[in-house]
Amino acid sequence: MVIAVVEFQGTLFRWNLSSNVGPAQRNALDDVELVRFGYICLKQNLRFPADPSLRPSLNKLRPFGPFDEDLAEVISAHQKARGGTQDGIVSVARITGVGASKNELYDRRNTWIIISLNNNMLDITDDIYPRIDKHPQSGPTLSLKVKQILTQSQL
């Protein structure tokens, strides 16, 4: 189940995973669709374009559906292009340290992939973020979950 993370000291809002996405992981459909949507936004982001090595994988990516080879390929290509851990898994971001920059890093120099994907979602949906359920390429399971979370929390 997708979860919302709100920074209590500021206005930072991030979507996070409830479980890892990748080979041999739980791959809850809303988590998978969140990762897919993040990559769809990365593909569309003109402000911070994707590494050219990701283009072939991004072009094959479907906006919704369960974890499969097209998503596995994008995750692996992204990890290779950015450096850091290369296990083919998008992990749940675990907040550590104090301050936004430390909170978004899983080591001293690499952000959690889900945080990177959130940044792309924000760039593409800035007029509706965090209501990513209103974007036409948000998967149906993700859209339903986002709508439930945000209407319950009155954001």
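For the sequence shown, position 21 matches number 576 in this note's numbering, and the numbering has no gaps at all. The beta carbon of each residue, even a glycine, is placed where N, CA and C say it ideally should be. This structure is a prediction, so every number in the text was calculated from the model and none was measured.
| Check | Outcome |
| --- | --- |
| Give me the residue from 621, 612 and 624 with the minimum Cα distance to residue 636. | 612 |
| For residue 666, write down the residues that DSSP places opposite it in a beta bridge. | 660 |
| So, do the segment 612-626 and the segment 570-587 have three or more beta carbon pairs nearer to each other than 8 Å? | yes |
| State the start and end residues of the unbroken beta strand (DSSP E) segment that holds residue 582. | Taken as a continuous stretch (DSSP letters only), residue 582 belongs to no beta strand (DSSP E), as it is neither H nor E. |
| Using the three-state DSSP reduction, which class does residue 575 fall into: helix, strand or coil? | coil |
| Looking at residue 643 and residue 665, is the spacing between their C-beta atoms short of 8 Å? | no |
| Here's the rule I'm using: 16 or more other beta-carbon atoms within 10 Å means buried, otherwise exposed. How should residue 622 be labelled? | buried |
| Where does the unbroken alpha helix (DSSP H) through residue 635 begin, and where does it stop? | 624-637 |
| Are the CB atoms of residue 676 and residue 669 nearer to each other than 8 Å? | no |
| On a CA-only basis, which of 580, 596 and 682 is nearest residue 610? Give me that one, please. | 596 |
| With DSSP as the reference, identify every bridge partner of residue 603, one or two as the case may be. | None, per the DSSP bridge assignment. |
| Between residue 697 and residue 592, which are expected to be in contact by the criterion C-beta below 8 Å, what is the C-beta distance as a whole number of angstroms? | 6 Å |
| Could you spell out the range, first to last residue, of the alpha helix (DSSP H) harbouring residue 611? | 610-615 |
| With DSSP as the reference, please indicate the residues paired to residue 645 in a beta bridge. | 576 |
| Would you report the Cα separation of residue 632 and residue 707, rounded to the nearest angstrom? | 36 Å |
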